[in-house]
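Visitor: Quick note, the sequence shown lines up with residues -16 to 152 if you use our numbering.
Here a beta-carbon is modelled for each residue, glycine too, at the ideal position from N, C-alpha and C.
This one's a predicted model, so the numbers in the text were calculated from it and none came from an experiment.
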Amino acid sequence: MKRTTAGRAARAAGAAWEAAIRADLAGWVEGGTLRDYQQQGPLYQRVGAGGLRVIPIEAEGPVDFLAWNGATAWAWEAKATTRHRWPLSGLESHQARRLTTWHMPSAGRVAGVALRYDAEGLAVWLPWAVLAPLWGRWATGGAGRGEASLTAEQAARLGVPWGEHWSSR
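Next comes the structure, spelled out in structure tokens:
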């Protein structure tokens, strides 16, 4: 697969995953599991010269999503992959900093990554408490062979199925 084709596929997978998350969140709000949510992503659209859509990307935008109920608020990045491994490099350093700053379970603030593996049909919630040490080791050059990415099986073992984390807190 050509790099440009792979890039388009990755963007499409990410957009589809975010749309699925929004649909899930709306259902959970309607059903009373969550009080509310918001998508905060750093993308915005405007019409440029000649009617072209221009999508500026802020270098260090906020986390993708926030959701809350009476006692807990969650902040997370939504990530999707069309491959069998998700590279830890898919989480930017400013995103990791935002998750680290947010994650304070004793104060009712939980951070994580909602990760979907399209090829396996798997969607998983990776708590920041579990993912942060792995990402940190990779980011500082301490990751060994095979530790720069996660397979779907590894993610499933480390996290919980998407949606089940609301009831586990």
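Within 10 Å of its beta-carbon, does residue 1 have 16 or more other beta-carbons around it, so buried, or fewer, so exposed?
Guide: Its Cβ being crowded by 16 or more others within 10 Å, residue 1 is buried.
Visitor: Could you tell me the alpha carbon to alpha carbon distance between residue 160 and residue 11, rounded to whole angstroms?
Guide: Only positions -16 to 152 of the chain appear in this structure, which leaves residue 160 out of reach.
Visitor: Here's the rule I'm using: 16 or more other beta-carbon atoms within 10 Å means buried, otherwise exposed. How should residue 147 be labelled?
Guide: Looking at its Cβ environment, which holds fewer than 16 other Cβ atoms inside 10 Å, residue 147 is exposed.
Visitor: May I ask you to verify whether the segment 125 to 136 touches the segment 79 to 89, counting CB pairs closer than 8 angstroms and requiring at least 3?
Guide: Taking 8 angstroms as the limit for Cβ pairs, the verdict is that the segment 79 to 89 does not touch the segment 125 to 136.
Visitor: Hey, would you say residue 109 sits closer than 9 angstroms to residue 138, going by beta carbons?
Guide: Yes, these two residues count as a Cβ contact at 9 angstroms.
Visitor: Which full runs of the beta strand (DSSP E) of 3+ residues lie inside the segment 56 to 130, going along the chain?
Guide: Whole beta strand (DSSP E) segments, 3+ residues: 56 to 64, 68 to 70, 92 to 100 and 105 to 110.
Visitor: Take residue 52 as the anchor and find which of 76, 22, 18 and 63 has the nearest alpha-carbon.
Guide: Among 76, 22, 18 and 63, the Cα nearest to that of residue 52 is on 18.
Visitor: Count the other CB atoms within 10 Å of the CB of residue 64; is the residue buried (16 or more) or exposed (fewer)?
Guide: Buried, by the Cβ-count rule.
Visitor: Run the CB neighbour count on residue 54, radius 10 Å, all protein chains shown included, and call it buried at 16 or more, exposed below.
Guide: Flag for residue 54 reads exposed.
Visitor: In angstroms with no decimal places, state the Cα-to-Cα distance between residue 104 and residue 96.
Guide: Distance between the alpha carbons of residue 104 and residue 96: 16 angstroms.
Visitor: For residue 48 and residue 67, I'd like the C-alpha separation in whole angstroms.
Guide: In a straight line, the C-alpha of residue 48 is about 24 angstroms away from that of residue 67.
Visitor: So for residue 8, helix, strand or coil by DSSP?
Guide: Helix, per DSSP.
Visitor: Tell me the rounded alpha-carbon separation between residue 124 and residue 15.
Guide: Taking the straight line from one Cα to the other gives about 43 angstroms.
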